[in-house]
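In this note's numbering, the protein residues as written are 1 to 215.
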Ligand SMILES: [Zn+2]
């Protein structure tokens, strides 16, 4: 889990002005735009107001799911460079018959995953299929993975997560104030930070890192 709320700390913190993080969404067949909008509304109503960090759907398109095992799915997604209009790449996948069988064999099941290297690319299972999913609903799974997209890890309390979100937001403000994007002739980007990686200020850094990784 991402952690319990640390209410006293949350109340003390100033997250500054609202930011919007743009997601390019690739949905597998059977997951509608309406369903996707409900997932995002879940974040924006429940979590975004705490951190002034809103998640938006910049684009929505149908994604053909090629791989059955989760590592394969994640790798497929990581091959998509972050487009100029987006900050993150999210796939919403639905279950197929194979997954249902897989679920019933009691193998560990993953309901979503975000790549450790940049924490910018990930997937969420957006539709119920197997019994194992009774453990975590797609709606909860979506919120969980969104925290990973904002560079939060697993913990008992969300304290480190608050600091992380604040750091990303502060960097965003600093780069914008110094006209960092204009100076380098690139489109604005909401910063990201991989596990044990520096903060990525430009999407070009992320795309370059992933390209090298997947070589
Ligand atoms: Zn997790």
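For each residue, glycine too, the CB sits at the ideal point set by N, CA and C. Computed from a predicted model, the values in this text were never measured in an experiment.
Check, Outcome
"Please report the straight-line C-alpha distance between residue 30 and residue 200, rounded to a whole angstrom.", "34 angstroms"
"Classify residue 151: buried if its beta carbon has 16 or more other beta carbons within 10 angstroms, exposed otherwise.", "buried"
"Going by beta-carbon coordinates alone, are residue 77 and residue 121 separated by less than 8 angstroms?", "yes"
"Taking the alpha-carbon of residue 207 as reference, which of 180, 169, 115 and 171 has the nearest alpha-carbon?", "115"
"Tell me whether residue 168 is buried or exposed, calling it buried when 16 or more other Cβ atoms sit within 10 Å of its Cβ.", "buried"
"Is it the case that the CB of residue 144 approaches a heavy atom of ligand 1 more closely than 7 angstroms?", "yes"
"Can you tell me where the beta strand (DSSP E) holding residue 23 begins and where it ends?", "19-27"
"For residue 147, which option in 59, 63 and 193 has the closest C-alpha, if you only look at C-alpha atoms?", "193"
"By alpha-carbon positions, which one of 81, 62, 119 and 189 ends up nearest to residue 92?", "62"
"Could you please give the first and the last residue of the uninterrupted beta strand (DSSP E) stretch that includes residue 112?", "112-114"
"In or out: residue 87 buried (at least 16 other Cβ within 10 Å) or exposed?", "buried"
"Buried or exposed: which applies to residue 211, given that a residue is buried once 16 or more other Cβ atoms fall within 10 Å of its Cβ?", "exposed"
"Buried or exposed for residue 156, please, with buried defined as at least 16 other CB atoms from any protein chain shown within 10 angstroms of its CB.", "exposed"
"Just reading off the alpha helix (DSSP H) that residue 80 is part of, what are its end residues?", "Careful: residue 80 lies outside any alpha helix (DSSP H) and carries neither H nor E."
"Roughly how many angstroms separate the alpha carbons of residue 126 and residue 52, rounded to a whole number?", "25 angstroms"
"On the three-state DSSP scale, how would you describe residue 197?", "coil"
"Between residue 121 and ligand 2, is there a pair consisting of the residue's CB and a ligand heavy atom that are separated by less than 7 angstroms?", "Among the ligands modelled here, namely ligand 1, ligand 2 does not occur."
"Tell me which residue opens and which closes the alpha helix (DSSP H) that residue 144 is part of.", "138-149"
"Does the distance from the CB of residue 171 to the CB of residue 198 come in under 8 angstroms?", "no"
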